[in-house]
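Undergrad: Before anything else, here's the structure in question.
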Amino acid sequence: MMDSTSDKLKKYISYIVSISLIFIIWIIAAKKTSSALILPYPSEVAVAMGKLFKNPEFWNSFLHTFLRCIISFGISVVLGIILGTVCALSAFCKRLFELPIAIIRATPVAAIILIVLFWFKSNTVPIFVSVLMTLPIMITSVVTGLSSSDKKLLDMAKCFSLTGKDIFYYIKLPAAIPFILNAAVSAFGLTWKVVVAGEVLSLPINATGTLLQRYQVHLESAYVLAAAIILVAVSFFLQELFAFFVRRYLKK
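Anchor point for the sequence shown: position 74 equals 78 in my numbering, and the numbering is continuous, going up by one each time.
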């Protein structure tokens, strides 16, 4: 119990030290540049952040961004589980998906967004690209999880003449759940980054990424940083919260 408390205390202290160092470096860099356009002071960003908190347009855009993240994440998880299961059960399907997955992983996100802009409306681009980028994580993890079943349990199942359906539901699926949940946490974190990047380039109506682009065009650096910090903070909090519940579930 004492060790656990000590570890948590060390973790929080490291966070505080890390944030303090970031602010110190930020202030020094802002003094060196002496330009609010290049790098505004933390105080200027704080003022801009306060104005954003009071701005209904910002929160409306943020809500739409959040909904895009949830939709794309949900699609990615469902499709990832289905396709991953198919690949785990069929060697042919696994080989069939290997090349597309490798290509998606190797292609820069910006390039995919620019290509997809020719195919879909701006509101759909961030969702489609996010699903495309997170799907390989889910598929690979599902395949790995379903392939990690204990061989002794599988041999025992054969001895008791269990059907393939029973083997899947009672042996393979339970073994795959930790892999699926951990992959979902990683995919959730990536979803935010890809959705916002997609919004910045596709400029849909009611999107935080569109606001970021507008602030950048109007040379409002403080607002760009303020909006980015809010996005990072919310994304980090939600991912940590999701990871916390996953850890709690896996400890049962």
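All C-beta atoms, glycine included, are put in the ideal place defined by N, C-alpha and C. The model shown is predicted, which means the values in this text are computed figures rather than measured ones.
For alanine 179 versus glycine 149, is the C-beta spacing smaller than 8 Å?
TA: Your numbering for residue 179 matches position 175 in the sequence shown. Your numbering for residue 149 matches position 145 in the sequence shown. For alanine 179 and glycine 149, yes; Cβs fall inside 8 Å.
Undergrad: Report yes if the CB atom of leucine 185 is closer than 8 Å to the CB atom of leucine 254, and no otherwise.
TA: Position 181 of the sequence shown, counted from the first residue, corresponds to residue 185. Position 250 of the sequence shown, counted from the first residue, corresponds to residue 254. Yes, the Cβ-Cβ distance between leucine 185 and leucine 254 is below 8 Å.
Undergrad: Do you know whose CA, among Phe241, Tyr227, Val250 and Asn210, lies nearest phenylalanine 57's CA?
TA: Reading the sequence shown from its first residue, position 53 is the one you call residue 57. Minimum Cα distance to phenylalanine 57 is reached at Tyr227.
Undergrad: Alpha carbon to alpha carbon, how far is phenylalanine 96 from valine 236? Give it in angstroms, no decimals.
TA: Translated into the one-based positions of the sequence shown, residue 236 becomes position 232. Translated into the one-based positions of the sequence shown, residue 96 becomes position 92. Looking at the two C-alpha atoms, the distance is approximately 40 Å.
Undergrad: Looking at the unbroken alpha helix (DSSP H) that takes in histidine 68, where does it start and where does it end?
TA: Here the question's residue 68 lines up with position 64 in the sequence shown. Per DSSP, histidine 68 belongs to the alpha helix (DSSP H) from 60–93.
Undergrad: Let me confirm a value: histidine 68 is counted as buried when at least 16 other C-beta atoms fall within 10 Å, else exposed. Which label applies?
TA: Against the sequence shown, residue 68 aligns to sequence position 64. Histidine 68 should be labelled buried.
Undergrad: Less than 8 Å separating the beta-carbons of alanine 247 and valine 189?
TA: Position 243 of the sequence shown, counted from the start, is the residue given in the question as residue 247. Position 185 of the sequence shown, counted from the start, is the residue given in the question as residue 189. In this structure, valine 189 lies closer than 8 Å to alanine 247 by Cβ.
Undergrad: For threonine 128, which three-state DSSP category applies?
TA: Against the sequence shown, residue 128 aligns to sequence position 124. It is coil, neither helix nor strand.
Undergrad: Following the continuous alpha helix (DSSP H) through glutamate 244, name the residue where it begins and the one where it ends.
TA: Taking the sequence shown and counting its residues from 1, one reaches residue 244 at position 240. It spans 225–255 - the alpha helix (DSSP H) in which glutamate 244 sits, taken as one unbroken run.
Undergrad: Please determine if the region 82–92 and the region 128–142 are in contact, where contact requires at least 3 C-beta pairs separated by less than 8 Å.
TA: Touching, yes.
Undergrad: Is tyrosine 173 buried or exposed, if buried means 16 or more other CB atoms sit within 10 Å of its CB?
TA: Walking along the sequence shown from the start, residue 173 turns up at place 169. Exposed: under 16 other Cβ atoms inside 10 Å.
Undergrad: Apart from the five residues just before and just after asparagine 64, which ones in its own chain have a Cβ nearer than 7 Å to its Cβ?
TA: As a working note, residue 64 is residue 60 in the sequence shown. Cβ neighbours of asparagine 64 beyond the five flanking positions: Asn210.
Undergrad: Between which two residues does the alpha helix (DSSP H) carrying serine 190 extend?
TA: If you number the sequence shown from 1, residue 190 lands on position 186. Segment 177–206, the alpha helix (DSSP H) holding serine 190.
Undergrad: How would you call leucine 13, buried or exposed, if buried means at least 16 neighbouring beta carbons within 10 angstroms?
TA: Residue mapping note: residue 13 aligns to position 9 of the sequence shown, counting from 1. So leucine 13 ends up on the exposed side.
Undergrad: Just to confirm, are glycine 202 and isoleucine 117 a CB contact at a threshold of 8 Å?
TA: Numbered from its first residue, the sequence shown carries residue 202 at position 198. Numbered from its first residue, the sequence shown carries residue 117 at position 113. The answer is yes: Cβ separation under 8 Å.
Undergrad: Can you grab the Cα-Cα spacing for the pair tyrosine 219 / alanine 40, in whole Å?
TA: The residue you call residue 219 lines up with position 215 of the sequence shown. The residue you call residue 40 lines up with position 36 of the sequence shown. Between tyrosine 219 and alanine 40, the C-alpha separation is close to 13 Å.
Undergrad: Return helix, strand or coil for isoleucine 31, following the three-state DSSP convention.
TA: The count along the sequence shown starts at 1 and reaches residue 31 at position 27. Isoleucine 31 falls in the helix class under three-state DSSP.
Undergrad: Closest to threonine 214 by CA distance: which of Pro112, Val129, Cys163 and Ser94 is it?
TA: Here residue 214 refers to the residue found at position 210 when the sequence shown is read from its first residue. Ranking the options by Cα distance to threonine 214, first place goes to Val129.
Undergrad: Pop quiz: phenylalanine 66 and threonine 195 are said to be a contact at Cβ under 8 Å. What is the actual Cβ separation, rounded to whole angstroms?
TA: Locating residue 66 in the sequence shown gives position 62, counting from the first residue. Locating residue 195 in the sequence shown gives position 191, counting from the first residue. With a Cβ gap of about 15 Å, phenylalanine 66 and threonine 195 do not count as contacting.
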